[in-house]
Amino acid sequence: MTRLPSLALIVLLAACTPEATGTGANKRPTDAATAGATERSNPTPNASTTKKADGSWTEPTQKVTVPHNPAVPPVPVLVEVRTGDHAGDGYERITFAFRGPLPSYSFQIVRQVVRDGSGDPVTLPGTTKLSIVFTPARSEAGTGPRDVGYRRLRGYEQVGDYEGYVSYGLGVEGAAQVRYGESTRPDGTNVVALDIRV
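Heads up: the sequence shown begins at 636 in the working numbering, then just goes up one per residue.
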């Protein structure tokens, strides 16, 4: 495994363009979700890999979990989601920016992304679906679907914000090789970045 230099990752994160930025009020769904339901998007296998963000590419057919143990309250708040097209450098990026410390998060390829609580299927563009879940967390980043339209990353949608879990579904065209990293912006927000290999 090779490690991305921290400075390079910060520069890459700063280069993300705000193609899709959520700024909605803190809205909670009206339907209840089970508090411990971290496997909310019908994952294919029922296995898990715990990792630290190391900048290596993976095809997350098993759930990848990155642990953080923030002291709560206050709960980390998702304040912004951005996308960036870096196809010339071999990837497309989506970032999740948090006010406060980073929560734990997990992500994996799933057969179908479903809405938390109701279990209703979520329609996302692309042939491959990724689910990412943050906990403990809450969201102020808006809820509606966002079409991105890049070559690989086609769109995303927040599918849950309830009882300390914030969930997103991503639609990707073709196979999804992913790398992930973390950084802190000059304004103090903490960022999780997912890159999709082009």
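Note that the Cβ used here is the ideal one computed from N, Cα and C, for glycine as well.
When rounded, the separation of the alpha-carbon atoms in ASN704 and GLY690 is 21 Å. A straight line joining the alpha-carbon of ILE744 with that of TYR803 spans about 12 Å. In the DSSP assignment, GLU798 falls outside any beta strand (DSSP E), carrying neither H nor E. A contact is defined here as three or more CB-CB pairs under 8 Å, and the region 775–785 fails this definition with respect to the region 814–823. Between PHE733 and SER766, the gap from beta carbon to beta carbon reaches 8 Å or more. Taking C-alpha positions only, VAL794 is separated from LEU788 by approximately 17 Å. Taking the Cα of ASP796 as reference, the smallest distance to any Cα among VAL768, SER818 and VAL807 is reached at VAL768. With a minimum length of 3 residues, the unbroken runs of beta strand (DSSP E) contained wholly in the region 689–770 fall at 698–701, 712–721, 726–734, 739–745 and 763–770. Comparing C-alpha distances from PRO760 to each of GLY754, ALA811, SER739 and GLY784 shows the shortest one belongs to GLY784.
Straight across, the Cα-Cα distance linking HIS721 with GLY809 is about 17 Å. Sorting ASP755, PRO756, ARG746 and SER739 by C-alpha distance to the C-alpha of LEU713 places SER739 at the top.
LYS764 and LEU805 have their alpha carbons spaced roughly 6 Å apart. Spanning the alpha carbons of TYR800 and THR770 requires a straight line of approximately 5 Å.
In the DSSP assignment, GLU817 forms a beta bridge with VAL827. Within 10 angstroms of the beta-carbon of GLY816 lie 16 or more other beta-carbons, which makes it buried.
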